[in-house]
Ligand code: NAI
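Residue numbers (the working numbering): 86 to 879.
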């Protein structure tokens, strides 16, 4: 073709990236890889291997070890024995290793990008310009955190040995997201890459060797789901970090419930891409291309549900179709390709099946008339219209280049549609009005909201989900907390082994007058004192066996009523922080005014000294959270783009709080006050030992301007009531601070909607010690961070 002809047609010629360096690396390893354990390559114990192929051609790239439980065990041992030396390094020494890893990634960026594209099928343009630079950025950023660790996280300690399981859609990027924060905080790692894409994780093992990372600090075990399962179940792993499907996330949650493993889950999504009529439609279409066709749509935060304002729907669809007609699908190593191959045949078949199902359910399917390679695993960009919001393609993650389009009329309807999903990973909002955009962003249930932009990620900005998209964040300060624990908590003794510091044999409350009559309290639901559904009560006795009064025997129905009341009170989360602070101060004031009578009653159970301490420290504790209410701020991140990312701390929603038995007043306040200070509403189950505290509490709340339903109290058998709370789909999180059995039950029973669970893991907490019983640890568990990305400039 002559230059003139080329100019006239403007057709692309082939522009393949050279794969030789990456292939030579595979050849140097004879295209056969063992596990990377204790700094060396190790053949699998059972001797089994599997192939990894190039999905765009079907060609075999290499053979990789299939990890068995024995391999996992050997990797965990290596990580465990490397831990003390790794932890004894200075923060600066660890920072230097992370810096070295960042530098090596940069030096090898070209062959890493090619290897990624070969193994995964993603366009080289993406692996070269997005994945690998973000990998390096992640190690640089965390080299910085390693350096600052002791200054920024005083009193915190590493979890220990961390098991990490990652998916195939961003293989090396997920390695970085997992390993960088784990190492920066002083943990050692066993990582299992996905079976479809193990190669860049193995290349990273090579980089660890080159960087001189001490043996055993990073171990890579390859294999399928069974290898992952062995890692999850290994008794000597302190934390599991998982990214992948919600289904497997749920299985992991179940498998870890009976252990004390800390868990973070980054799961699926069905993220809305909302376009308002005043949006810059051309930019929005470009954003959409990135939102759903980036990485063939195999992105957990893909903008897979297009929500268009009705007035612009037809015009917008025309623009989208025009743009789809210009997308190029083909060999991913070609630098001018937009859409590469689907990672594996099973994924391709899943996409085909779901699209067919969408059509059967009434959607119209449109695909551009562009050439699609006949060999290899390719699926054309696809637009589904007339999608009903409840249909499978609007609800299930397709994980392919398939966009499901729907319309809305009003902003309110847009929010309703957007939130009509069990997921909550990400969302996009396109509008030229910053007011509208931020107003909508605030209402979306999503961990990341991109305003007039799409798919921006940075190591400084936390990424992670709401609801069944998982919990925990990767990146930023929040991400580090996933790999840290308060040092005192790590070493805390079991709950029954140690009496509270204040504990003493209960004395007769000599200078206190005994309550003149038996006290009968009620439940407290929606701001009202309520009788229990069962009509039964439980007797409450003092330390000397004397009958002190009766508390209602709450049941499932009472809990459900309380959840309903708490849900109705959710506007508490939108009250100003100042307003919440004022209410808390007022609660403290009213408690203080009743201090004598409350201490008097409480002393019959816990003794005079503890009763007095509970009340006076209780007042202080409320003051602390009143103080925090308007100071526990978010942050403004400065990612290396012309964007700000507003890291907003939002309440989790409705919390079930099971209070510790031994400090009936102080324990209750130490949990309920942080929860409400950040805007959550609560259903609390008070101390089973002394549920009569409920009567004192509601009298205080009733006189303190606390809106009805913000705190609800249901007395009864804690374990039974907790079960209903844990299983309730309208409860967003469970805090359980009784004993080990309850902690395990809370985790197991709440698998259904993947509630966040915060427990004492059966360890003793000294509520009278401010360092243990109060502060950021509780606040951090009471919020989820939403990062709202806003571009600036022209
Ligand atoms: P998956 O969740 O099965 O795999 C992710 C990782 O978990 C892999 O390393 C796998 O070996 C491991 N794994 C599987 N079963 C395990 C178990 N029982 N215990 C421990 N580890 C286990 O995802 P898969 O099958 O590759 O993809 C299926 C669907 O999952 C996709 O179509 C997509 O909808 C979703 N997905 C979501 C991802 C995300 O980033 N949120 C990533 C990958 C898949």
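Cβ atoms here follow ideal geometry from the backbone N, Cα and C, with glycine treated the same way.
Span separating the alpha-carbon of residue i from that of residue j
i, j, result
"residue 875", "residue 691", "53 angstroms"
"residue 702", "residue 561", "34 angstroms"
"residue 499", "residue 359", "7 angstroms"
"residue 540", "residue 308", "29 angstroms"
"residue 597", "residue 788", "Here the model assigns residue 597 a pLDDT of 48, short of 50, so the residue's position is not dependable, and the following value carries that caveat. In a straight line, the C-alpha of residue 597 is about 25 angstroms away from that of residue 788."
"residue 635", "residue 828", "27 angstroms"
"residue 616", "residue 637", "7 angstroms"
"residue 356", "residue 626", "53 angstroms"
"residue 654", "residue 368", "39 angstroms"
"residue 249", "residue 542", "20 angstroms"
"residue 594", "residue 805", "Per-residue confidence for residue 594 stands at a pLDDT of 47, beneath the threshold of 50, marking its modelled position as unreliable; the derived number appears in the next sentence. Distance between the alpha carbons of residue 594 and residue 805 is about 33 angstroms."
"residue 591", "residue 748", "At residue 591 the pLDDT is 49, less than 50, meaning the model places this residue with poor confidence and gives no usable figure here."
"residue 632", "residue 778", "15 angstroms"
"residue 122", "residue 645", "50 angstroms"
"residue 417", "residue 390", "25 angstroms"
"residue 112", "residue 473", "51 angstroms"
"residue 588", "residue 269", "Caution is warranted here: a pLDDT of 45 is assigned to residue 588, below 50, making its placement in the model unreliable, and the coordinate value is therefore given only provisionally. Straight-line Cα distance between these residues: approximately 39 angstroms."
"residue 88", "residue 413", "22 angstroms"
"residue 437", "residue 452", "13 angstroms"
"residue 863", "residue 741", "14 angstroms"
"residue 628", "residue 677", "25 angstroms"
"residue 755", "residue 856", "12 angstroms"
"residue 464", "residue 238", "47 angstroms"
"residue 535", "residue 873", "6 angstroms"
"residue 586", "residue 517", "Interpretation of residue 586 is limited by its pLDDT of 45, a score under 50 that renders its predicted location unreliable; no figure is taken from the coordinates."
"residue 93", "residue 138", "39 angstroms"
"residue 410", "residue 212", "23 angstroms"
"residue 708", "residue 792", "18 angstroms"
"residue 614", "residue 350", "39 angstroms"
"residue 132", "residue 160", "16 angstroms"
"residue 880", "residue 641", "Any answer about residue 880 is impossible in this case: the structure gives the chain only from 86 up to 879."
"residue 662", "residue 759", "13 angstroms"
CB of residue i within 7 angstroms of CB of residue j, strictly
i, j, result
"residue 767", "residue 796", "yes"
"residue 698", "residue 665", "no"
"residue 551", "residue 564", "no"
"residue 722", "residue 546", "yes"
"residue 421", "residue 717", "no"
"residue 743", "residue 770", "yes"
"residue 780", "residue 650", "no"
"residue 354", "residue 469", "no"
"residue 916", "residue 700", "Nothing can be reported for residue 916: it is not among the residues displayed for the chain, which extend from 86 to 879."
"residue 466", "residue 378", "yes"
"residue 287", "residue 548", "no"
Cβ distance (whole Å) where residue i is taken to contact residue j below 8 angstroms
i, j, result
"residue 736", "residue 764", "4 angstroms"
"residue 889", "residue 256", "What the structure shows of the chain is the stretch from 86 to 879, and residue 889 is not part of that stretch, so it cannot be assessed."
"residue 428", "residue 253", "5 angstroms"
"residue 847", "residue 580", "5 angstroms"
N-terminal and C-terminal residue of the beta strand (DSSP E) that residue i is part of
i, result
"residue 417", "Element bounds for residue 417: n/a, residue is neither H nor E."
"residue 427", "Residue 427 -> no beta strand (DSSP E), and no H or E assigned at all."
"residue 535", "533-536"
"residue 821", "818-821"
"residue 324", "324-328"
"residue 797", "796-798"
"residue 148", "145-150"
Limits of the alpha helix (DSSP H) - the one that residue i falls within
i, result
"residue 672", "662-678"
"residue 749", "749-762"
"residue 341", "331-341"
"residue 106", "105-113"
"residue 220", "217-237"
"residue 409", "398-409"
"residue 450", "Counting along the chain, residue 450 falls outside any alpha helix (DSSP H), though it belongs to the beta strand (DSSP E) covering 449-451."
"residue 166", "154-173"
Cβ pair count under 8 angstroms reaching 3, the region 171-188 against the region 289-302: yes
Inter-stretch contact at 8 angstroms, needing at least 3 Cβ pairs: the region 126-136 / the region 432-452: no
Touch test, the region 503-511 against the region 519-538, Cβ-Cβ under 8 angstroms, three pairs minimum: yes
Cβ pair count under 8 angstroms reaching 3, the region 233-247 against the region 156-169: yes
At least three beta-carbon pairs within less than 8 angstroms, the region 331-340 to the region 811-828: no
Segment contact flag, the region 226-233 with the region 176-187, C-beta cutoff 8 angstroms, min 3 pairs: yes
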